[in-house]
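Quick notes on the structure that follows.
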């Protein structure tokens, strides 16, 4: 369970929680943007989709990095 100043959110892997885009931790920013309001069921479901999308993005990036590495790195020949 990931305990934050925003409450408790179980099942968010540390790597996903720490994932940055544009200098922001995406999960933290999403929650911070909703600070002070009660999250609806739709909000929570949306957050779960964000977490899943980030996890999938990280997996795809790892696959791309592995292919690049297997072919000698950049530039690809």
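In the numbering used here, the protein residues as written are 1 to 77.
Think of the CB as a built atom: it goes at the ideal place given N, C-alpha and C, for glycine as much as any other residue.
Query: In chain order, what residues of the same chain lie with their CB nearer than 8 angstroms to the CB of residue 51, ignoring the 5 residues before and after it?; Result: 11, 12, 16, 27
Query: Exposed or buried, residue 19, counting other C-beta atoms within 10 Å across all chains shown (16 or more means buried)?; Result: buried
Query: Of the choices 54, 8, 24, 64, whose alpha-carbon is the least far from that of residue 39?; Result: 8
Query: Quick one: does the C-beta of residue 23 sit closer than 8 angstroms to a heavy atom of the ligand HEM?; Result: Although the ligand HEM was asked about, the structure shown includes no ligands whatsoever.
Query: What would DSSP say about residue 46, mapped onto helix, strand or coil?; Result: helix
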